[in-house]
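K.L.:
Per my numbering, the sequence shown runs over residues 527 to 935.
I'd like to ask some things about the structure below.
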Amino acid sequence: MKKNTLSFGTVCIHNKQQSSFGHSHMEAIFPTSTFSYENPEQLMKLFQGTEPGYIYSRWDNPTFHYAADKISLLEAFELNNEHGNQLKLKTMLFSSGMGAISTLLMTCLKPGEKLITQGNLYGGTDEFIHKILKPLQIDCVMVDLNDTEKLSAILDTSTDIRMMYIETPANPTLSCYDLNTLAAIAKKYNLITAADNTFATPYLQQPFRYGVDYVVHSTTKFLNGHGNAIGGALVFHEDDDKQTRFHEVMKLLGNNANPFDSWLLSNGLKTLELRMQKHCDNAMQLAQFFSTHPAINKVNYPGLQSHPDHAICNKQMRHAGAMMSIELFGGLDASKEFIASLKLATLAVSLGTVDTIVQHPASMSHVKMSKAQREQYGILDGLIRISVGIEHINDLIYDFSNALDKTRA
527 MKKNTLSFGT VCIHNKQQSS FGHSHMEAIF PTSTFSYENP EQLMKLFQGT
577 EPGYIYSRWD NPTFHYAADK ISLLEAFELN NEHGNQLKLK TMLFSSGMGA
627 ISTLLMTCLK PGEKLITQGN LYGGTDEFIH KILKPLQIDC VMVDLNDTEK
677 LSAILDTSTD IRMMYIETPA NPTLSCYDLN TLAAIAKKYN LITAADNTFA
727 TPYLQQPFRY GVDYVVHSTT KFLNGHGNAI GGALVFHEDD DKQTRFHEVM
777 KLLGNNANPF DSWLLSNGLK TLELRMQKHC DNAMQLAQFF STHPAINKVN
827 YPGLQSHPDH AICNKQMRHA GAMMSIELFG GLDASKEFIA SLKLATLAVS
877 LGTVDTIVQH PASMSHVKMS KAQREQYGIL DGLIRISVGI EHINDLIYDF
927 SNALDKTRA
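What follows is the structure in structure tokens.
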């Protein structure tokens with residue numbers, strides 16, 4: 527049987543583009559702040575940019591490229607460019623997801639320009655837009671990106687909007703946005719497009735397939751998968767003319783990755799396909815359990831037919847993912863009782879780890895948003911966000927069932 531390409535899960539494990547050091551079976555780690563050279567001429571050529579190499583780990587480090595190159599391959603997996611050739615992408619690693627997002631936005635937007643995005647964003651992104659970009663005279667227009675008539679009407683009358691930023695599925699309500707439709711609208715109005723693919727990962731969704739220009743990740747989450755390292759990634763076309771500026775902004779803001787966290791990310795990526803499949807299987811079964819429980823008013827999970835964006839999810843995602851939120855009857859008091867009664871699931875503000883994590887967005891990750899904005903986008907006091915892990919599903923259902931019973935006692 528003739529087979530010319532590797533499967534997704536195999537690419538997660540292998541990256542033959544990287545050479546080994548000292549015949550090491552596993553990727554090497556370079557925990558060094560700087561790099562030494564035998565003579566001044568070598569280092570001079572590096573500073574002049576006439577020879578490749580490494581100078582200082584805030585600028586670059588060999589360890590970064592194992593994970594960065596693999597993310598590029600996964601985001602471009604089985605995708606072709608407009609000429610029918612294999613899509614070539616490049617990835618930069620950062621100290622965190624916010625490092626990647628801030629570098630992207632500060633590179634692409636100038637004072638007097640605007641960003642258009644949704645209102646139900648990750649809390650850190652929302653804070654950055656309002657607390658960092660706004661004082662720099664970079665404003666933001668927020669709109670329901672699924673209301674394409676309203677979106678187009680805004681773009682018809684606004685000549686200073688430069689970029690469209692999409693988070694899908696969205697945090698924490700799991701709204702999904704049609705990447706193909708939005709990329710086409712953005713192209714019509716000559717906008718840059720960027721998508722946060724943290725919740726989905728390239729295993730479930732590939733924004734470049736639909737014409738998006740940039741993809742960002744908090745690699746802390748599912749790409750790493752084990753909750754032991756902070757990191758971020760920015761993915762762009764190999765020939766993107768902004769990549770030099772991305773590197774300058776990263777270098778001068780100190781948003782760089784570090785060798786150890788990058789090495790842990792590289793290890794985590796090896797099991798991405800296996801983990802994501804189990805995450806998704808568990809999440810679907812848990813969502814079905816929640817959907818019939820009398821203590822729950824609403825389940826936000828795009829894999830359920832009751833979710834308003836179920837069709838969009840099916841159109842652009844392999845599965846519906848591992849993230850969901852449930853809205854309890856009883857508001858804040860019920861939420862606190864529920865969380866306190868959990869024995870297996872962990873109370874923590876991150877997500878994407880092999881163990882199940884819960885948090886209360888209105889008082890935790892989205893507390894910096896105004897109450898009016900939270901309520902407008904369904905982030906109510908009774909809302910619990912759940913990052914479904916890969917434990918045995920019976921154990922998860924038992925734990926959540928007992929905690930829900932306590933809220934009704």
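Just so it is clear, CB atoms sit at the ideal spot from N, CA and C, and this is done for glycine as well.
I'd like the ranges of any beta strand (DSSP E) spanning at least 3 consecutive residues and lying wholly in the region 860-907.
P.N.:
Listed in chain order, they are 883-885.
K.L.:
Once DSSP output is grouped into helix, strand and coil, what is the label at Asn541?
P.N.:
Residue numbering aside, residue 541 sits at position 15 when the sequence shown is read from its first letter. Three-state DSSP puts Asn541 in coil, outside helix and strand.
K.L.:
Drop a sphere of 10 angstroms on the beta-carbon of Glu853, count the other beta-carbons inside from all chains shown, and report buried for 16 or more, exposed for fewer.
P.N.:
Translated into the one-based positions of the sequence shown, residue 853 becomes position 327. So Glu853 ends up on the buried side.
K.L.:
Considering just the uninterrupted stretch of the alpha helix (DSSP H) at Ser913, what are its terminal residues?
P.N.:
Position 387 of the sequence shown holds residue 913. Element bounds for Ser913: not the alpha helix (DSSP H) but the beta strand (DSSP E), 909-913.
K.L.:
Quick one: using the 10 Å Cβ neighbour count with 16 as the cut-off for buried, is Ser913 buried or exposed?
P.N.:
Reading the sequence shown from its first residue, position 387 is the one you call residue 913. Classification for Ser913: buried.
K.L.:
Rounded to the nearest angstrom, how far is the Cβ of Ser744 from that of Ser622, given a contact under 8 Å?
P.N.:
Taking the first residue of the sequence shown as position 1, residue 744 is located at position 218. Taking the first residue of the sequence shown as position 1, residue 622 is located at position 96. About 7 Å; that satisfies the 8 Å criterion.
K.L.:
Label Leu778 either buried or exposed according to how many other C-beta atoms from any shown protein chain fall within 10 Å of its C-beta, with 16 as the threshold for buried.
P.N.:
In the sequence shown, counting from the first residue as 1, residue 778 sits at position 252. By the 10 Å Cβ count, Leu778 comes out exposed.
K.L.:
Please report the residue range of the beta strand (DSSP E) in which Arg688 lies.
P.N.:
In the sequence shown, the residue the question calls residue 688 occupies position 162. Its beta strand (DSSP E) spans residues 687-693.
K.L.:
Quick one: residues in its chain with C-beta nearer than 6 Å to the C-beta of Phe725, no 5 flanking neighbours on either side, listed in chain order?
P.N.:
Along the sequence shown, read from residue 1 onward, the residue named residue 725 stands at position 199. Counting only Cβ-Cβ distances below 6 Å, and skipping sequence neighbours, we find Pro695, Gly847, Met849.
K.L.:
Quick one, are the C-beta atoms of Glu601 and Gln732 less than 8 Å apart?
P.N.:
As a first step, residue 601 is located in the sequence shown; it is residue number 75 there, counting from the start. As a first step, residue 732 is located in the sequence shown; it is residue number 206 there, counting from the start. Yes; because the gap between Cβ atoms is below 8 Å, this pair is in contact.
K.L.:
Determine, using beta-carbon pairs with one atom in the region 855-873 and one in the region 615-632, whether at least three such pairs fall under 8 Å.
P.N.:
Because the criterion of three Cβ pairs below 8 Å is not met, the region 855-873 and the region 615-632 do not touch.
K.L.:
Between Ser559, Glu917, Thr683, which has its C-alpha nearest Asp807's C-alpha?
P.N.:
Within the sequence shown, the letter at position 281 stands for residue 807. That would be Glu917, whose Cα lies nearest to the Cα of Asp807.
K.L.:
Who are the near neighbours of Phe556 in its chain, counting only those whose CB is closer than 7 Å to its CB and skipping five residues on each side?
P.N.:
Residue mapping note: residue 556 aligns to position 30 of the sequence shown, counting from 1. Excluding positions up to five away in sequence, the list reads Asn587, Pro588, Thr589, Pro785.
K.L.:
Among residues of its own chain, excluding the 5 on either side of Ser799, which ones have a beta-carbon nearer than 7 Å to its beta-carbon?
P.N.:
Sequence index remark: in the sequence shown, residue 799 carries index 273 (1-based). Reading off the sequence shown, one finds Glu at residue 799, where the question assumed Ser. Same-chain partners within the cutoff: Phe534, Gly535, Cys538, Tyr729.
K.L.:
Say whether the region 668-687 touches the region 870-885, bearing in mind that this needs 3 or more beta-carbon pairs closer than 8 Å, one atom from each stretch.
P.N.:
Flag = no, the region 668-687 and the region 870-885 do not touch.
K.L.:
Round the Cβ separation of Ile711 and Leu812 to the nearest angstrom and send it over; I've been treating them as touching at under 8 Å.
P.N.:
Mapped onto the sequence shown, residue 711 falls at position 185. Mapped onto the sequence shown, residue 812 falls at position 286. Not really, about 35 Å apart at Cβ, beyond 8 Å.
K.L.:
For Met668, would you say it is in contact with chain C, using Cβ-to-Cβ distances shorter than 8 Å as the test?
P.N.:
Looking at the structure shown, chain C is missing, and only one protein chain is on hand.
K.L.:
With distances taken between CB atoms, is the gap from Val742 to Ile627 smaller than 8 Å?
P.N.:
As a first step, residue 742 must be located in the sequence shown, where it is residue number 216. As a first step, residue 627 must be located in the sequence shown, where it is residue number 101. Yes. Within cutoff.
K.L.:
Exposed or buried, Glu693, counting other C-beta atoms within 10 Å across all chains shown (16 or more means buried)?
P.N.:
Counting from 1 along the sequence shown, the entry for residue 693 is found at position 167. So Glu693 ends up on the buried side.
K.L.:
Can you look up Val669 in the DSSP assignment and give me helix, strand or coil?
P.N.:
As a position in the sequence shown, residue 669 is number 143, starting the count at 1. Reduced to three states, the DSSP call for Val669 is coil.
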